[in-house]
Amino acid sequence: MTTLADLHVGSRAQVARVVGSDSITLRLLEMGLAPGAQLSFVGTAMLGDPIEIDVNGYRLSVRKSEAARVQVTPID
Amino acid sequence: MPKTLPAGRPIRIALCGNPNTGKSTLFGALSGVRQRVGNYPGVTVEKKLGSAKMNGRDYTIIDLPGTYSLAPQSMDEMVSVDVLLGRQEDVGQPDAIVCIVDASNLQRNLYLVCQVLELHRPTVVALNMMDVASSKGIDINVALLAERIGVTVVPIQANARKGLDDLKQAIVQSLQTPVAPFRSPFSEAFCAEVQQIHDISSQESATPLPHYLIQRLILDTGYLHEAKLPGVSASVISAVDSARQRLAATSDELVSIEPIARYSWINQVTQDVICRPDEHRATFSDRIDHVVTHRIMGTGIFALLMLIIFQAVFGFAPFFSDLIESGIGEMGGWVGGLLPPGALRSLMLNGVVAGVGGVLVFLPQIAILFLFIAILEDCGYMSRAAYLMDKSMSAIGLNGKSFIPLLSSFACAVPGIMAARVIENRRDRFITILVAPLMSCSARIPVYVLLTSAFIPSFTIVPWILSSRSLVFFLMYFIGIVVAVLVAWLLKRTILKGETPPFVMELPSYKVPDWRIVLHRVWERCWAFVYRAGTLIFAVSILVWAAGYYPRSAQSDPGFATEIASLESQLESSDGDSNELELILERLQRDQSAAQIRRSYLGQAGQCIEPVVRPLGWDWRIGCAVVASFPAREVVVSTLGVIFNLGDEQDEGSAELRDALRRATWEGSERPLFTIPVALSVMVFFALCAQCVSTLAIIRREMNSWRWAVFSFVYMTGLAYVAAFLTTWIGNWFV
Chain A
-16 MTTLADLHVG
-6 SRAQVARVVG
4 SDSITLRLLE
14 MGLAPGAQLS
24 FVGTAMLGDP
34 IEIDVNGYRL
44 SVRKSEAARV
54 QVTPID
Chain B
4 MPKTLPAGRP
14 IRIALCGNPN
24 TGKSTLFGAL
34 SGVRQRVGNY
44 PGVTVEKKLG
54 SAKMNGRDYT
64 IIDLPGTYSL
74 APQSMDEMVS
84 VDVLLGRQED
94 VGQPDAIVCI
104 VDASNLQRNL
114 YLVCQVLELH
124 RPTVVALNMM
134 DVASSKGIDI
144 NVALLAERIG
154 VTVVPIQANA
164 RKGLDDLKQA
174 IVQSLQTPVA
184 PFRSPFSEAF
194 CAEVQQIHDI
204 SSQESATPLP
214 HYLIQRLILD
224 TGYLHEAKLP
234 GVSASVISAV
244 DSARQRLAAT
254 SDELVSIEPI
264 ARYSWINQVT
274 QDVICRPDEH
284 RATFSDRIDH
294 VVTHRIMGTG
304 IFALLMLIIF
314 QAVFGFAPFF
324 SDLIESGIGE
334 MGGWVGGLLP
344 PGALRSLMLN
354 GVVAGVGGVL
364 VFLPQIAILF
374 LFIAILEDCG
384 YMSRAAYLMD
394 KSMSAIGLNG
404 KSFIPLLSSF
414 ACAVPGIMAA
424 RVIENRRDRF
434 ITILVAPLMS
444 CSARIPVYVL
454 LTSAFIPSFT
464 IVPWILSSRS
474 LVFFLMYFIG
484 IVVAVLVAWL
494 LKRTILKGET
504 PPFVMELPSY
514 KVPDWRIVLH
524 RVWERCWAFV
534 YRAGTLIFAV
544 SILVWAAGYY
554 PRSAQSDPGF
564 ATEIASLESQ
574 LESSDGDSNE
584 LELILERLQR
594 DQSAAQIRRS
604 YLGQAGQCIE
614 PVVRPLGWDW
624 RIGCAVVASF
634 PAREVVVSTL
644 GVIFNLGDEQ
654 DEGSAELRDA
664 LRRATWEGSE
674 RPLFTIPVAL
684 SVMVFFALCA
694 QCVSTLAIIR
704 REMNSWRWAV
714 FSFVYMTGLA
724 YVAAFLTTWI
734 GNWFV
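Going down the list, the sequences are from chains A and B. Numbering of the first sequence is given in this note's numbering, commencing with residue -16 and proceeding in unit increments. Numbering of the second sequence is given in this note's numbering, commencing with residue 4 and proceeding in unit increments.
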């Protein structure tokens, strides 16, 4: 399964699910990464981590370790 | 039927909203300057209350901390839930709730609104930043939105003070009309479970747990289980546990029940309400962001900005501090002229004036740093800075937001610790605060300069680049950083354990900073320092003055008094060449004050701790200077001046003091007191110690507990002692 951490700058995807059951998963879901949400990968910080994405028209940054919990379906 | 307004007390309005929605601006616009800032008991959440008048009635506005969700994960987040549910006794239950939302990011903002509606309280939604939304080409059907969510929605533009009258009108109206029923987005099965637990709670208590809290208990990710809230009985806990099991069997993950339910409600509610352009329009903000968060350009811009801030706090602030100091010196001179010599004059000069000065000299640094921070925060850059620095900071176990507080601490730990407020996570904030004083601040420079120039031989190590003295300077800064990293590592594994907080951070749209917010924040920080920390710093300065002044009696040292008196009368009678006499008199007076300090409580304390400092290679005089510098590190220079018979007007550049230190020997022997290892050990001690009452006072304020201030003092002094001991010990191997 592709995760948000595997995407490249410029690619777009739809959230399938967020794995895990702790507060980090809850926070990712609350911030709009709920199943069905569309996102695009905007860029990364200097050392390639964290990453910046666009969800529902706003900018969000997450660490790669957190992004790996977000399973996505890439959109062409 | 219209409801009547509560009588006999101000009407309470709670203001809540996501971060970066203009909530502070709205709070400021509604309450003006009539604000009271305090702390909620037992937590580090700021309690902000404002007052306003609407339609002739008094209102109290409770500004809740910005949050994305009312699902509490910590004690600090629980405060907002408690306030809204009327469980926070010191503020009382709000009569109405105003929820401010960002129109340009409506969907995510409605998540919090959906939770608030679940509370069944009079609610008004303030739809802010309509201008930003329309610049993105987003169109919102406000009337349809209000109809769908069942509460009044008022478009406002908080920064331009637009729509405020409509909002006030809507608040008053909401208090007088019954709350429209709200259909919870949760499944029927879930609502039935909540109702069942509510029934259990009603049988047990006259004030049953609110439905919202029961939802939270079922959906808890760990915090509420630990928190043991009042009213949660054993039977409620077991009912919650079995409800969780039943729900987990029918749906996938408990954690996703709420977000899925609420986002599907949001999608229904916003259907045809939000009209977006088909093509994503690159806004001004996007174009700035393209450069500012670029992995190379962005990092360069960040480094440049930090350099400017550091230069301003480190380079410009001392100019203003010097002005304040000389102003206070003038005042001291004036006061001194009015009073006869004696205890009162000494108290005024060396206690009161020095104490006030000790507080005020920090103000320029605090004001300048917070001017920058408030601008960067309000324009939206701050979270970008955290984004850029996160990887490097997480290597030492902190997050990107710790960078600016730690950097500022190189100028002064006081504003640095205050800046740690931007870190929401309690554990990361506490660790940042606890290690911030280890960064070598500007108050250590006088100590470093004095001892380096007196005892470190000057030679070149790398031509043009590195000399022996700059290497020593660098090492002092380096020791602080290395120790801070180790301490942070250790704290995370011992007393401040906990899972790594998520770094899921919004990068808000850029905007022109609101100067009212910026100036207000600078004022708030300065006032908090003067008022909360200032009193303590002042008190300690007076205590240390008294310890150095008393006990004092004319009989204790009759020799000096008679000699000085006779010299003075000789001076008066001789009208011609009196230079020599004056010099003798001055020397006598210095000897007298040196003898006095030796006899004083401070001197006694120094002699008392001599066995403790002996292993460091120090005698009682160094020990005494260290004890006296408790109010502030730089005081050690003038105390050394007094102890080594030079009077208290010595500064680090004074050649006289340098020579006196070089000449100083162990009492009753010819052995020099200061060797290179001893000088280095004093410097290392000052690099790591917590001799700064302002820092301790601000730690106590920001962490809302004396225990942490004491902890900081103990651990830093302990480390400083061990490191100073090792320096002398290792140094003596080479000498």
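Using N, Cα and C, we set each Cβ at its ideal position, and we do this for glycine too.
query                                                                                                                           : result
Rounded separation between His228(B) and Ile540(B) - CA only                                                                    : 41 Å
Contact list for the segment 3 to 20 of chain A against chain B, Cβ threshold 9 Å                                               : Gly3, Ser4, Asp5, Ser6, Ile7, Thr8, Leu9, Arg10, Leu11, Leu12, Glu13, Met14, Gly15, Leu16, Ala17, Pro18, Gly19 and Ala20
Rounded straight-line distance, which links the Cα of Ile407(B) to that of Val486(B)                                            : 18 Å
Terminal residues of the alpha helix (DSSP H) in which Met351(B) lies                                                           : Where Met351(B) is concerned, there is no enclosing alpha helix (DSSP H), given that its DSSP letter is neither H nor E.
Selection of the segment 20 to 51 of chain A by Cβ proximity to chain B, strictly under 7 Å                                     : Gly26, Thr27, Ala28, Met29, Leu30, Asp32, Pro33, Glu35, Asn39, Gly40, Tyr41, Arg42, Leu43, Ser44, Val45, Arg46 and Glu49
Gln599(B) burial status per 10 Å Cβ neighbour count (16 or more: buried)                                                        : buried
From Ser138(B), Gln160(B) and Ala146(B), residue whose alpha carbon lies closest to that of Phe517(B)                           : The question names Phe, but residue 517(B) in the sequence shown is Asp. Nearest of Ser138(B), Gln160(B) and Ala146(B) to Asp517(B), Cα basis: Gln160(B).
Residue span of the beta strand (DSSP E) that contains Arg60(B), given as start and end                                         : Arg60 to Asp66
Buried/exposed call for Trp268(B), threshold 16 Cβ in 10 Å                                                                      : buried
Distance between beta carbons of Leu619(B) and Ala693(B), contact taken as under 8 Å                                            : No, Ala693(B) and Leu619(B) are not in contact; Cβ-Cβ is about 17 Å, not under 8 Å.
Exposure label - Asp98(B); buried when at least 16 CB within 10 Å                                                               : buried
Helix, strand or coil at Thr56(A) [DSSP, three-state]                                                                           : strand
Nearest neighbour of Pro675(B), chosen from Trp621(B), Phe714(B), Gln573(B) and Phe322(B) [CA to CA]                            : Trp621(B)
Assigned secondary structure, Asn582(B) (DSSP; H/G/I helix, E/B strand, else coil)                                              : helix
For Val(-8)(A) and Gly40(A), believed in contact at Cβ under 8 Å, the rounded distance                                          : Contact flag wrong, Cβ pair sits at about 18 Å.
Beta-carbon proximity of Leu130(B) to Val157(B), cut-off 8 Å                                                                    : yes
Length at least 3, wholly inside the segment 94 to 182 of chain B: the beta strand (DSSP E) runs in chain order                 : 99 to 105, 126 to 131 and 155 to 158
Cβ-Cβ distance between Arg279(B) and Ile141(B) below 8 Å                                                                        : yes
Residues that Ser72(B) contacts on chain A, provided the C-beta gap is smaller than 9 Å                                         : Leu9, Arg10, Glu13 and Met14
Identity of the residues DSSP links to Tyr41(A) by a beta bridge                                                                : Val38(A)
Simplified DSSP state of Thr698(B), which is helix, strand or coil                                                              : helix
Close-in-space but distant-in-sequence residues of the same chain around Thr462(B) (CB under 8 Å, 5 per side omitted)           : It should be noted that the sequence gives Phe, not Thr, for residue 462(B). Here the set comprises Ser470 and Ser471.
Run of the beta strand (DSSP E) containing Ala17(B), from where it starts to where it stops                                     : Ile14 to Gly20
Nearest-angstrom Cβ-Cβ length linking Val640(B) and Pro449(B), presumed shorter than 8 Å                                        : 5 Å
Assumed close pair Leu574(B), Glu589(B) - CB separation to whole angstroms, cut-off 8 Å                                         : Not quite, the Cβ-Cβ distance comes to about 11 Å (not below 8 Å), so this is no contact.
Short CB-CB distance (under 8 Å) between Val510(B) and chain A                                                                  : Note on residue identity: the sequence assigns Leu, not Val, to residue 510(B). It does: the Cβ of Leu510(B) has a partner Cβ on chain A nearer than 8 Å.
Three-pair Cβ contact test at 8 Å for the segment 9 to 26 of chain A versus the segment 248 to 263 of chain B                   : yes
Closer than 8 Å to chain A by CB, Thr730(B)                                                                                     : no
Beta-carbon contacts of Phe413(B) that lie in its chain and below 6 Å, excluding the five residues immediately before and after : Met442
Distance CB(Val525(B))-CB(Ala370(B)) smaller than 8 Å                                                                           : yes
Rounded straight-line distance, which links the Cα of Ala700(B) to that of Ile587(B)                                            : 43 Å
Collapsed DSSP secondary structure at Ala50(A) in the structure displayed                                                       : helix
Beta carbon of Thr435(B) nearer than 8 Å to that of Ser411(B)                                                                   : no
Coil, strand or helix - Cys415(B) by DSSP                                                                                       : coil
Pair within 8 Å by beta-carbon distance, Pro367(B) and Ala416(B)                                                                : no
Residue nearest to Pro233(B) in terms of C-alpha spacing, selected from Ile221(B), Leu216(B) and Gln248(B)                      : Leu216(B)
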